[in-house]
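Just so you know, we're using numbering that gives the first Met the number 0 here: the sequence shown kicks off at 0 and counts up by one.
Quick reminder that beta carbons are idealized off the backbone N, C-alpha and C, glycines included.
Notes for the one structure printed next.
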Amino acid sequence: MIRLDMDIKVIEQMVEQALKEIKAEQPQKFTMPKAELYGVFKTMDEAITASEEAQKKLLFSKISDRQKYVDVIRRTILKRENLEMISRLSVEETEIGDYEHKLIKNRLAAEKTPGTEDLLTEAMTGDNGLTLVEYCPFGVIGAITPTTNPTETIINNSISMIAGGNTVVFSPHPRAKKVSQMTVKLLNKALTESGAPENLITMVEEPSIENTNKMIENPSVRLLVATGGPSIVKKVLSSGKKAIGAGAGNPPVVVDETADIVKAAKDIVDGCSFDNNVPCIAEKEVFAVDSICDYLIHNMKENGAYQITDPALLEKLVTLVTNEKGGPKTSFVGKSARYILDKLGITADASVRVIIMEVPKEHLLVQEEMMMPILPVVRVCDVDTAIEYARQAEHGNRHTAMMHSRNVEKLSKMAKIMETTIFVKNAPSYAGIGVGGEGYTTFTIAGPTGEGLTSPKAFCRKRKCVMTDAFSIR
Ligand code: COA
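Now the structure itself:
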């Protein structure tokens, strides 16, 4: 006969053993992905957890390693087959922009985004010792990227954020899903093969508003960066977290009577038609002084502008390209001038790059940022009026403005009054992001939150390290 107290002990042991076995059999809540996934995860939570793990490793890697990873990103994008593939896929998937110009923009992002050299340490020494102020990582950054510049923004943000010691989880625009995945995988594969921690750059397989919300809410994401349309920028700015917002522009151009008009006309058409006008820095409306306005329009037409003079046709154009709210119709954003004219029943030859029309300053095409190569020209009595109208049309976005003039006083006046992050003098707008202009590039131009031209230090926290009574060698 078995004693009752023995029975209970045996039962307890059996239960303990069974529980151990059940625990061992249970799948882990989260299993790290196979390397083949290269940063693209089924769920947002998985993408963030993997990014957090990667950031812990990156935090303890050397600055020279971070620079090595930045160089790997540059080299990977600059490989001809990769550059061509992401540029082609971007246009095919989003149906926005121009392949040749995407090549230029992707190359620009890879070549001219600053690396770790951007993070300069400040040192203060004196009788009390040594204090350092250094640019340190935030940790995991959640970055929202647009449909207009999908790969350019991923390349640009990845370089800046990793140089700053951060890892990044992207939430790309759903209409740029495939090309964003392709770019993330391409970069992660190259980074992993070069010995970098896995998953420095991650994203969710199915980008959506829901997944973007999950990213915004996840406490492990320490900084939010949104490059996109007004509604997504507003969303991150009202999240309660530290956020960097890069949104709308509507960049004006002023041309006065002192300008080189022939050059100004060419520069304006070149800038306005670049990637079918989707860069947020591109010329969106012109204010020209009366005495040179006709000559400017003549030269714009010499350089690929098609002028609409018939009011009924202009009305038809406005109806065609605007939505019920009076903003741009999404299906026309980033389309070519020839495509738009074709929808109006006009066959234009291959030289046509921009559609122009003379309108009053109140016209919808002047006041709305259309992001298509439609360029209204407003005739004004003098340069001071032009500057004032330009200020009004920019709506305080403080994004980008251009001026063609040889009058230094008026150039300075406009630069001051506009308060834009980028001000381009006597050149196409794209000189402002480093195409034919000096200086580094960015595709996240953060006017609303004040960082302006983002670079690695914009994605860092300034931290102080203090050592008393030593290390001052003065
Ligand atoms: N992930 C998830 N959701 C996103 C998203 C992203 N990456 N980007 C935008 N969304 C959301 C928006 O918040 C919006 O949500 P809501 O309907 O709840 O308000 C919804 O998707 C539709 O937004 P969007 O695609 O912007 O609307 P649209 O189709 O009417 O507009 C554009 C298309 C191209 C006009 C618009 O996206 C735009 O203005 N882009 C410019 C981007 C840019 O280059 N900005 C300048 C950067 S310097």
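Residue state for F273 is assigned as helix, using DSSP reduced to three classes. In the DSSP annotation of this structure, the continuous segment of the alpha helix (DSSP H) that includes L316 starts and ends at 310-320. Set against 7 angstroms, the gap from the CB of M466 to the closest heavy atom of ligand 1 is not smaller. Taking the CA atoms as reference points, I444 sits about 14 angstroms from I154. Under the DSSP assignment, L199 falls outside any alpha helix (DSSP H); it carries neither an H nor an E label. Taking a contact as a CB-CB distance under 8 angstroms, the pair L343 and L374 does not count as one, their CB atoms being some 16 angstroms apart. Judged by DSSP secondary structure, K78 falls outside any beta strand (DSSP E); it is assigned neither H nor E.
Annotated three-state conformation of R174 is helix, per DSSP.
In the DSSP assignment, I140 falls within the beta strand (DSSP E) that extends over 139-144.
In this structure, the alpha-carbon of V353 lies about 36 angstroms from that of M160. For I85, the closest alpha carbon among the candidates Y134, M123, K176 is that of K176. DSSP places Y37 outside both helix and strand once states are collapsed to three, so it counts as coil.
Distances from the alpha-carbon of P173 to those of G194, L185, S193, I143 put I143 closest. Relative to the non-hydrogen atoms of ligand 1, the Cβ of T115 never comes closer than 7 angstroms to any of them.
For K56, the enclosing alpha helix (DSSP H) stretches over residues 43-58. E192 is classed as exposed because its beta carbon has fewer than 16 other beta carbons within 10 Å across all chains shown. Around the beta carbon of D269, 16 or more other beta carbons lie within 10 angstroms, which makes this residue buried. Using a Cβ distance threshold of 8 angstroms, I231 and T147 do not count as a contacting pair. In this chain, the alpha helix (DSSP H) harbouring P229 covers 229-236. In the three-state scheme derived from DSSP, where H, G and I count as helix and E and B as strand, H297 is classed as helix.
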